[in-house]
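Here the structure comes first, spelled out in structure tokens, and everything after it is commentary.
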Amino acid sequence: MKNNEYRVRLPLLKDNHSHTLTYSAMHGAPTLAGIDAKESAVEFMTKLEHKINVLLDWDETKFHFNEKELSSFPPVLICNVSLHKYIINLSARAMLKSIDENIAKNIEDQAWVEKNLLEVLKFIASLMEFNDLKMGLHFGELENAGVWYAEDMCVFDIGAVKYYKDSKYRNRTSLWASFPDYLRLPDNLRKEIKGIKVFADGALAAHSAALAKNYIAGGGGMLIYTNDELLKILHAIAGMNKPIAIHAIGDAALDQAASVLRKIGVDKGNIQVRLEHCQFITKKIASELKSHGVVLSMQPNFSRDSIRYADRLPSAYRNQNNPFRMLIDDIKYKPGEDLLFGSDGMPHGMEQALKWSLFPPYKSQQLKIEEFINGYCMPDMKNGYAEVEIDEEKESVRMIGLSLET
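Right, dumping it as structure tokens:
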């Protein structure tokens, strides 16, 4: 082994932000993952079945489809990799009208999608059906990728909560629900829910993460709620005695969240709050949130967005993305305590998580391996471990061995 290469044994991952229900339902759906050329994508899509096809993992930074191309495909609903943006051809729209006319009408309206995202995801999952077999296959894939535990940040189906309650996977996940979905649950199932999730903005892939400055093409994304609307929602959730998780990617969304949290008394320490993603968090906001005991839940693999979305992010934002060194060195956030790591399923797994932690585009995004272990791994190896080979010269990470609990 070369001097720049070394091997390390790591506990399996504890993914603090995933969507096990959604990804289980989508298991086996056709996907554009790994297809980089438009010609190959078109060839693949023309061979889809003549039914409503939910097609996953479209990356618009690689290619787009014009109306003529879309009309040549079998009925297809194309999901952006972020699951925040969709395109649909006319034949699929006609078929969807008979199932849900409102979604069929609005699925390409980005503002409507962001405000109704959980209903959209619920609808798409219903088209593909969640079941025990798919859940088992999904957790099997997680294991093979070096993941033992994965929090479900968006469980929206009463049947799924009932399933989780008695499932053998119950000790390998925690369930979060939106406020409306939580209220729909009977009392005996509400105790299965760890906390309640709220979306403050959208996603970079859809140009809808709320930035204080405009994207290169114009527009600053969108806030899902006004300050007063968000305040009313968080006040109501705070009265339910459940932790709150707020999806906030852009600095404008984080600023709004911090402002509203002040008003609901988060500084008094009687409300547990997590902020999800926090990609463009500033030192000022981070310092305030730290002083109020707010936990940050972030994705090291999203450091790649500095490259992936260079077509839309001004240079200052590319450099500001995932400022882990500032959070840890300056603000004194501690991985595993008030700074947690996960994947959002984009993608799952040890290799990508560790690669983008150790070898991100900017030094300001870099994590030390001990920080990675504390913030992203199980507390010990009793459930198993991964053998990983790290090449510092090539900036590569390869999982070469896996041991699982038997």
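The end of the sequence shown is residue 447 by our numbering, with every number in the run present. Every residue, glycine too, gets a C-beta built ideally from N, C-alpha and C.
Just mark residue i as buried or exposed, buried being the case when its beta carbon has 16 or more other beta carbons within 10 Å.
| i | result |
| --- | --- |
| Leu330 | buried |
| Asp228 | exposed |
| Lys55 | buried |
| Ile441 | exposed |
| Leu252 | buried |
| Ile165 | buried |
| Pro221 | exposed |
| Tyr210 | buried |
| Ala191 | buried |
| His276 | exposed |
| Ser215 | buried |
| Tyr47 | exposed |
| Asn45 | exposed |
| Arg303 | exposed |
| Asn57 | buried |
| Ala82 | buried |
| Gly390 | buried |
| Ile140 | exposed |
| Lys109 | exposed |
| Glu317 | buried |
| Ser338 | buried |
| Asn94 | buried |
| Thr63 | buried |
| Asn362 | buried |
| Ser384 | buried |
| Glu412 | buried |
| Leu224 | exposed |
Return the Cβ separation of residue i and residue j in integer angstroms, given the expectation that the two are a contact with Cβ distance under 8 Å.
| i | j | result |
| --- | --- | --- |
| Lys232 | Asp198 | Contact doesn't hold; Cβ gap of about 17 Å is too wide. |
| Tyr426 | Thr102 | Wrong, their Cβ atoms sit about 35 Å apart, outside the cutoff. |
| Ile129 | Glu149 | 6 Å |
| Met419 | Leu53 | 5 Å |
| Leu73 | Phe114 | That belief does not hold up - the Cβ atoms of Leu73 and Phe114 are roughly 12 Å apart, past 8 Å. |
| Ile274 | Ser328 | So it is not a contact: roughly 25 Å between Cβ atoms. |
| Ala250 | Val122 | That pair is no contact at about 14 Å. |
| Gln313 | Ile285 | 7 Å |
| Leu395 | Val438 | 5 Å |
| His68 | Lys175 | 4 Å |
| Leu445 | Glu182 | Wrong, their Cβ atoms sit about 13 Å apart, outside the cutoff. |
| Ile326 | Asp296 | 6 Å |
| Gly416 | Pro376 | 3 Å |
Nearest to residue i by alpha carbon, out of the options?
| i | options | result |
| --- | --- | --- |
| Val335 | Ile348, Gly306 and Asn362 | Gly306 |
| Phe343 | Tyr358, Asn212 and Ser332 | Tyr358 |
| Glu434 | Leu445, Lys175 and Leu399 | Leu399 |
| Ala218 | Phe104, Tyr64 and Ala201 | Ala201 |
| Ala244 | Asp100, Tyr190, Ser437 and Met67 | Asp100 |
| Glu270 | Ile312, Lys156 and Ala70 | Lys156 |
| Asn360 | Glu84, Val196 and Ile322 | Ile322 |
| Asp98 | Thr87, Phe106 and Gly75 | Gly75 |
| Ala289 | Ala186, Lys283 and Gln340 | Gln340 |
| Ile237 | Ser444, Leu159 and Ile93 | Leu159 |
| Ala294 | Leu395, Gln393 and Cys319 | Cys319 |
| Ala152 | Gly262, Gly69, Met281 and Phe413 | Gly262 |
| Leu96 | Lys396, Thr87, Pro71 and Ala135 | Pro71 |
| Lys404 | Phe365, Gln313, Lys235 and His68 | Phe365 |
| Glu428 | Pro402, His105 and Val188 | Val188 |
| Arg353 | Asn255, Ala135 and Leu131 | Asn255 |
| Ile257 | Val438, Asp173 and Ser356 | Ser356 |
| Phe171 | Glu142, Ala66 and Val154 | Ala66 |
| Met194 | Asp421, Phe240, Lys206 and Ser208 | Phe240 |
| Asp346 | Glu430, Gly291, Ile431 and Ala78 | Gly291 |
| Leu381 | Val117, Leu368, Gly260 and Ala78 | Leu368 |
| Ile348 | Asn107, Pro402, Leu51 and Val49 | Pro402 |
| Val196 | Leu137, Asp207, Arg50 and Leu226 | Leu226 |
Which residues share a DSSP beta bridge with residue i?
| i | result |
| --- | --- |
| Asp56 | Ala191 |
| Thr72 | Leu97 |
| Gly177 | For Gly177, which the question treats as bridged, DSSP gives no partner whatsoever. |
| Tyr426 | Pro52 and Ser444 |
| Phe382 | Met339 |
| Leu316 | Ile287 and Leu337 |
| Ile431 | Tyr47 and Val438 |
| Ala218 | Ile237 |
| Pro388 | Looking at the DSSP assignment, Pro388 forms no beta bridge with any residue, so it has no partner. |
| Pro402 | Pro402 is not bridged to any residue. |
| Pro355 | Partner(s): none; Pro355 has no beta bridge. |
| Pro376 | Leu380 |
Whole runs of the alpha helix (DSSP H) within the segment 111 to 149, excluding any shorter than 4 residues: Along the length of the segment 111 to 149, whole alpha helix (DSSP H) runs at least 4 residues long occupy 131 to 138 and 142 to 147, reported in chain order.
Segments assigned alpha helix (DSSP H), at least 4 residues, entirely inside the segment 255 to 295: Those alpha helix (DSSP H) runs which fall completely within the segment 255 to 295 and span 4+ residues are 268 to 279.
Sequence ranges, beta strand (DSSP E) only - wholly within the segment 228 to 257, length at least 3: The segment 228 to 257 contains these whole beta strand (DSSP E) runs: 234 to 240.
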